[in-house]
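J.: Please read through the structure below; I'll follow up with questions.
There are 2 protein chains.
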Amino acid sequence: MTKKRQPAKIEDVAARANVSIMSVSRAIRGVDGVSEKKRREILRIAREMKYVPNSNARSLAVANSNLIGISLPTFAGEVFADILNGMRRTFDSAGYSSVIDTTEYSPEAELSWVRRLLSWQPAGIILTGLDHQPETVDLLRASPIPVLEIWDHTDTPIDICVGIDHYRAGQMIGDHAVSFGYRRPAFVSTPRGHDTRADNRLAGLRDVFARERGTEVLSARPQSGNSFATGFDGTAELLDAGAPDIICYLNDHMAFGGLMCCQMRGLSVPQDLGIVGFNQLDLASVLPRKLTTVRTLRRLMGITGATQLLARINGVPTEKSKPLPLELIPGETTRAQI
Amino acid sequence: MTKKRQPAKIEDVAARANVSIMSVSRAIRGVDGVSEKKRREILRIAREMKYVPNSNARSLAVANSNLIGISLPTFAGEVFADILNGMRRTFDSAGYSSVIDTTEYSPEAELSWVRRLLSWQPAGIILTGLDHQPETVDLLRASPIPVLEIWDHTDTPIDICVGIDHYRAGQMIGDHAVSFGYRRPAFVSTPRGHDTRADNRLAGLRDVFARERGTEVLSARPQSGNSFATGFDGTAELLDAGAPDIICYLNDHMAFGGLMCCQMRGLSVPQDLGIVGFNQLDLASVLPRKLTTVRTLRRLMGITGATQLLARINGVPTEKSKPLPLELIPGETTRAQI
DNA sequence: AAAATGAACGTTAGCGTTAACGTTAACCAG
DNA sequence: CTGGTTAACGTTAACGCTAACGTTCATTTT
Numbered sequence: 042m043t044k045k046r047q048p049a050k051i052e053d054v055a056a057r058a059n060v061s062i063m064s065v066s067r068a069i070r071g072v073d074g075v076s077e078k079k080r081r082e083i084l085r086i087a088r089e090m091k092y093v094p095n096s097n098a099r100s101l102a103v104a105n106s107n108l109i110g111i112s113l114p115t116f117a118g119e120v121f122a123d124i125l126n127g128m129r130r131t132f133d134s135a136g137y138s139s140v141i142d143t144t145e146y147s148p149e150a151e152l153s154w155v156r157r158l159l160s161w162q163p164a165g166i167i168l169t170g171l172d173h174q175p176e177t178v179d180l181l182r183a184s185p186i187p188v189l190e191i192w193d194h195t196d197t198p199i200d201i202c203v204g205i206d207h208y209r210a211g212q213m214i215g216d217h218a219v220s221f222g223y224r225r226p227a228f229v230s231t232p233r234g235h236d237t238r239a240d241n242r243l244a245g246l247r248d249v250f251a252r253e254r255g256t257e258v259l260s261a262r263p264q265s266g267n268s269f270a271t272g273f274d275g276t277a278e279l280l281d282a283g284a285p286d287i288i289c290y291l292n293d294h295m296a297f298g299g300l301m302c303c304q305m306r307g308l309s310v311p312q313d314l315g316i317v318g319f320n321q322l323d324l325a326s327v328l329p330r331k332l333t334t335v336r337t338l339r340r341l342m343g344i345t346g347a348t349q350l351l352a353r354i355n356g357v358p359t360e361k362s363k364p365l366p367l368e369l370i371p372g373e374t375t376r377a378q379i
Numbered sequence: 042m043t044k045k046r047q048p049a050k051i052e053d054v055a056a057r058a059n060v061s062i063m064s065v066s067r068a069i070r071g072v073d074g075v076s077e078k079k080r081r082e083i084l085r086i087a088r089e090m091k092y093v094p095n096s097n098a099r100s101l102a103v104a105n106s107n108l109i110g111i112s113l114p115t116f117a118g119e120v121f122a123d124i125l126n127g128m129r130r131t132f133d134s135a136g137y138s139s140v141i142d143t144t145e146y147s148p149e150a151e152l153s154w155v156r157r158l159l160s161w162q163p164a165g166i167i168l169t170g171l172d173h174q175p176e177t178v179d180l181l182r183a184s185p186i187p188v189l190e191i192w193d194h195t196d197t198p199i200d201i202c203v204g205i206d207h208y209r210a211g212q213m214i215g216d217h218a219v220s221f222g223y224r225r226p227a228f229v230s231t232p233r234g235h236d237t238r239a240d241n242r243l244a245g246l247r248d249v250f251a252r253e254r255g256t257e258v259l260s261a262r263p264q265s266g267n268s269f270a271t272g273f274d275g276t277a278e279l280l281d282a283g284a285p286d287i288i289c290y291l292n293d294h295m296a297f298g299g300l301m302c303c304q305m306r307g308l309s310v311p312q313d314l315g316i317v318g319f320n321q322l323d324l325a326s327v328l329p330r331k332l333t334t335v336r337t338l339r340r341l342m343g344i345t346g347a348t349q350l351l352a353r354i355n356g357v358p359t360e361k362s363k364p365l366p367l368e369l370i371p372g373e374t375t376r377a378q379i
C-alpha cells in the first residue's frame, strides 16, 4: 500500500517554495521571468515533491497540445513500423509526442478514433491511405487541425499527402513481367477491400496485361492468419487451379510463403515459375536467391510526411501532395522466358 | 482554405438548442436527466455543428481519464505487436484508449515517457520488462496509478506483473540441448544490455551447460540492422571462430538468418549443426523443416495483463505476479547426437 | 385541497494551468 | 536626485467541462 497520497499540484510546490504559482509555472516551463537562483530552488523542491504537471489543465489553458495522432492499419509487419519510425523520430526532435492507433483496416474504426483523437485537441493528425468514411473527411475538413494522408497518393487529399502511387507500382511489375515474356500472371493478396493499396497494385498489373497481352490476371485471396501462410496457401490455390508462369504477391513475406510452397512441390524458381514480392523487406536480405521486388522508401516517407505536417502546423506553405519514387529491383526469382 | 472557423464548444451547442449547457453535457454523455426527445434534438444539432467534446476540459473536471499508457521497446517484430494486440482488444472493449510509445530499449527514454504520460493522468501504465531507471520506479510508486510490468517476470514488481521467466526459458533450451547430447553450444543475440530478457535466457542456457557439461556457451552479438541479418552474420562469426554443434538464437527470425547462412556454406541442419529459435513466430509456419523453438503465449499474455490491470484500476484485488507457461517445441532443426 | 413526490432542467463552483496585465524594486543615465 | 527602463515577480481571469445542488412544475398521494 505504498501508493496513496494525492499528487502535488503547482500550488503545493509554490507554497513549499514560498513563491507564487506563476514563478513555479515559469520555472517548470523554462521561460523568462524567474531568477536562476529561484528557478533551481523551485525545480529542486518540485522534484522532491515528485510534482508532475497536469497536461489537461495546460492544454485547456493554452487551447492546444503537442500531440500528433497517427492512425495505422496494423502493427503487424515491417511496413508501418518503418513509416512510423521515420515519423516519430522527426516529431520527437521537434518536441511533439505521437499517439498511435490501429484500425485493422476498418474505416469505421478509423472514424471513431478520429473522433476520440479530435477531442484531445491534437496539433496534427495522420491517416494511412485514402479510404475513409465520408464523415471522417467532413470532421477533419471542418477542423482547423492539419491532416496528413500517408502511404498512398492522390492529387486531392483531405489536406496534404505523402506516399507512393500503388497503381503505378502495379504497372511497373506488369511491365517487368511482360518484358520478360511472362504470359500467365497471377496475384496473391488478402480479401478484396481489406487492403485498398494492394487492390490498386493489382489493378495496375491487370491493366498492363490486358493492354499488352489481352490476358487476365488470376488472383487468390486466402484468409490464413499471417502473411507467410497467406502466401503459401494462395500459391497452392493458384497452382491447383491453373498453371501461372508468374505469381506476384502483396509483399515479400507472402512471396516467401510462395517460395516455400514451390519448394515443397518441387517447382524450381525461376525456371518453372516467376515470383515477385513487394516492399523489399528485411527477410529478403538473407535469402540465397535474390527476390524480385519493388523498393519503397518507407522510412524516408515517414520523415518526409512528418516534416511536411510540421511545416503545415507552423503555418509554412507546403505542397498539397508529394509522391515518392518507386524502384523495381530485378532479382533471381524472375528471368526472361524463352 | 476550407479549414478556418473555430470549433464549436458545448456552450454553442446549448445556445443553438435553446437548452442549458448541462443538458447538452448530459445528452452527450448519455446519462439521465434529459428527456428522450430533447436528447435526440441535442445530438442532432451537435452532429450538425460538428461538435467535438474537449477531453482536456473533461479530464480536468473529473480528475481522471480513460487512457492507458503502454511502453514497448520497439514496434519491430511480431512479439510486441502480438502482446499489444491482446492488450488493446481488452482495453477497447472496456472503454479505455491506449497510448503507445516505444523506448528503443533505452531506460532513459522510458523515464522521459513516463513523466510525459503521468502528466495526462492516465488510468493505468504498462511497461515492458523490469529494467527501469530508479527515478521511474520512484515516480510510479509515488503515484496512485496502477502499473503493469509485462513480458518479463519477477516476484517484486513495481505494482503488478504478467510475463514469462526468461531465465527458465534459457534453462529449458539448455536441458533440451544437453539431453540430445549437444556439447558445443553457442548463442546469437544483440549487443549485451540491449535486450535484457535475451541476456537472461542466455544466462539460463549458460548455467545448464556449466552444471551439466562444464562447458562455456560462446556468443556472437553483431549489429546488423535487422534480425535476419543479425542471425546470418552471428552464425558466420561463430562458424569462423570455432565449431559449435548447436546455435541458439534470440528469436526465430535470427534462427532463420542462421539457417540461410548454413545453407550458403553447405552445412546441413540438423546433421552438422543444431538450430534453436525462440518465440515461435509466423515465419516458422511455412518452413519446410520445422524449427525447434519455444512457444510464448504472447497474445494471451496481453489479454491477461490487460485484464489484471483493469481489475487493479477498478480496485479489485489481484495477484502481484502472474507467470505464463512456456513450452519447448521440438522441431527438425535439432536431433539426438550420436 | 394541501402536501409530497420526482423527473426535467438550470445554476454555481470548482478542476489545475497559463496569458495578460499590474506591481515593485533595482538600476542607470543625465 | 529625477525620470525612465527593465527584470522579477504576483494577481486575476479565463480555458471547457462536470458534480452537486437548486428550482420548477406536472403528477400522485393523503
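The listed protein sequences derive, respectively, from chains A and B. Quick note on numbering: my numbering labels position 212 of the first sequence as 253, and the sequence is numbered without any gaps. Quick note on numbering: my numbering labels position 21 of the second sequence as 62, and the sequence is numbered without any gaps. The beta carbon of each residue, even a glycine, is placed where N, CA and C say it ideally should be.
Pick from A:Arg330, A:Gly255, A:Ile124, A:Cys302: whose alpha carbon is nearest that of Asp193 of chain A?
T.: A:Ile124
J.: Might you give, ordered along the chain, the residues of its own chain that have their beta carbon closer than 8 Å to the beta carbon of Pro114 of chain B, omitting 5 neighbours on each side?
T.: Phe121, Thr143, Thr144, Glu145, Tyr146, Thr169, Gly170, Asp236
J.: Could you round the C-beta distance between Leu180 of chain A and Lys91 of chain B to whole angstroms and report it? I think they count as a contact, below 8 Å.
T.: 6 Å
J.: Check the DSSP bridge columns for Gly372 of chain B and list the partner residues they point to.
T.: Paired residue(s): none; Gly372 of chain B is not in a bridge.
J.: Out of curiosity, what's the CA-to-CA distance linking Arg57 of chain B and Ser160 of chain A?
T.: 20 Å
J.: Would you mind giving the Cβ-Cβ distance between Gly245 of chain B and Gly211 of chain B, rounded to the nearest angstrom? I have them listed as a contact below 8 Å.
T.: 2 Å
J.: Counting only beta-carbon separations shorter than 7 Å, does Asn97 of chain B have a partner in chain A?
T.: yes
J.: Which stretch, first to last residue, makes up the alpha helix (DSSP H) that contains Val120 of chain A?
T.: 119 to 134
J.: For the beta strand (DSSP E) that Lys363 of chain B lies in, which residues bound it at each end?
T.: 362 to 364
J.: Which residues in the same chain as Arg156 of chain A place their Cβ atom closer than 8 Å to its Cβ, once the five residues preceding and following it in sequence are excluded?
T.: The beta carbon of Arg156 of chain A is closer than 8 Å to those of Leu180 in its chain, skipping five residues each way along the sequence.
J.: Determine the burial state of Pro226 of chain A: buried for a count of at least 16 other Cβ atoms within 10 Å of its Cβ, exposed for fewer.
T.: buried
J.: Here's the rule I'm using: 16 or more other beta-carbon atoms within 10 Å means buried, otherwise exposed. How should Met342 of chain B be labelled?
T.: buried
J.: Report the three-state DSSP secondary structure of Glu190 of chain B (helix, strand or coil).
T.: strand
J.: Tell me the start and end of each unbroken alpha helix (DSSP H) in the region 260 to 285 of chain A that is at least 4 residues and wholly inside, in chain order.
T.: 268 to 282
J.: Along the chain, where does the beta strand (DSSP E) that runs through Pro175 of chain B open and close?
T.: Per DSSP, Pro175 of chain B belongs to no beta strand (DSSP E); it is in the alpha helix (DSSP H), 175 to 183.
J.: Below 6 Å CB to CB, which residues in the same chain sit around Gly283 of chain B once its five sequence neighbours on both sides are set aside?
T.: none
J.: Using a cut-off of 7 Å between C-beta atoms, extract the partners of Ile141 of chain A located in chain B.
T.: Ile141
J.: So, do the region 298 to 312 of chain A and the region 267 to 279 of chain A have three or more beta carbon pairs nearer to each other than 8 Å?
T.: Yes, the region 298 to 312 of chain A touches the region 267 to 279 of chain A.
J.: Over what stretch of residues does the alpha helix (DSSP H) that includes Leu322 of chain B continue unbroken?
T.: Per DSSP, Leu322 of chain B belongs to no alpha helix (DSSP H) and is neither H nor E.
J.: Taking only three categories from DSSP, how would you classify Ile141 of chain A?
T.: strand
J.: Does the CB of Val60 of chain A have a neighbour CB from chain B at under 7 Å?
T.: no
J.: Between the beta-carbon of Gly372 of chain B and the beta-carbon of Lys331 of chain B, is there less than 7 Å?
T.: yes
J.: Under 8 Å Cβ-Cβ, which residues of chain B neighbour Leu125 of chain A?
T.: Phe116
J.: Using only alpha-carbon positions, find the residue among B:Pro364, B:Ser220, B:Asp286, B:Leu369 that is nearest to Asn320 of chain B.
T.: Nearest option by C-alpha distance: B:Leu369.
J.: Tell me where the alpha helix (DSSP H) around Gly298 of chain B begins and ends.
T.: 293 to 306
J.: First and last residue of the alpha helix (DSSP H) that includes Thr115 of chain A?
T.: Per DSSP, Thr115 of chain A is not a residue of any alpha helix (DSSP H), being assigned neither H nor E.
J.: Let me check one thing: in DSSP terms, what residues is Gly110 of chain B bridge-paired to?
T.: B:Val140, B:Ile166
J.: Would you say Gln304 of chain A faces chain B, with C-beta separation under 7 Å as the test?
T.: yes
J.: Using the C-alpha atoms, what's the distance from Lys361 of chain A back to Gln349 of chain A?
T.: 9 Å
J.: Quick check: what's the CA-CA separation for Pro48 of chain A versus Val103 of chain B?
T.: 15 Å
J.: In chain order, what residues of the same chain have a beta carbon less than 8 Å from the beta carbon of Ile83 of chain A, not counting five sequence neighbours either side?
T.: Excluding residues within five positions, the ones whose Cβ falls inside 8 Å are Val54, Ala58, Val60, Ser64, Val65, Ala68, Ile69, Val75.
J.: Only counting runs of 4 or more residues, tell me where the alpha helix (DSSP H) segments fall wholly within the region 59 to 95 of chain A, in order along the chain.
T.: 62 to 70, 77 to 89
J.: Using a beta-carbon distance cut-off of less than 7 Å, what residues from the region 310 to 324 of chain A approach chain B?
T.: Asp323, Leu324
J.: Taking buried to mean at least 16 other C-beta atoms within 10 Å of its own C-beta, is Pro187 of chain B buried or exposed?
T.: buried
J.: Using CA coordinates, which residue listed in B:Arg80, B:Val203, B:Thr197 is at the minimum distance from Ile191 of chain B?
T.: If we check each option's Cα against that of Ile191 of chain B, B:Val203 comes out closest.
J.: Using a Cβ-Cβ distance cut-off of 7 Å, determine whether Pro94 of chain B contacts chain A.
T.: yes
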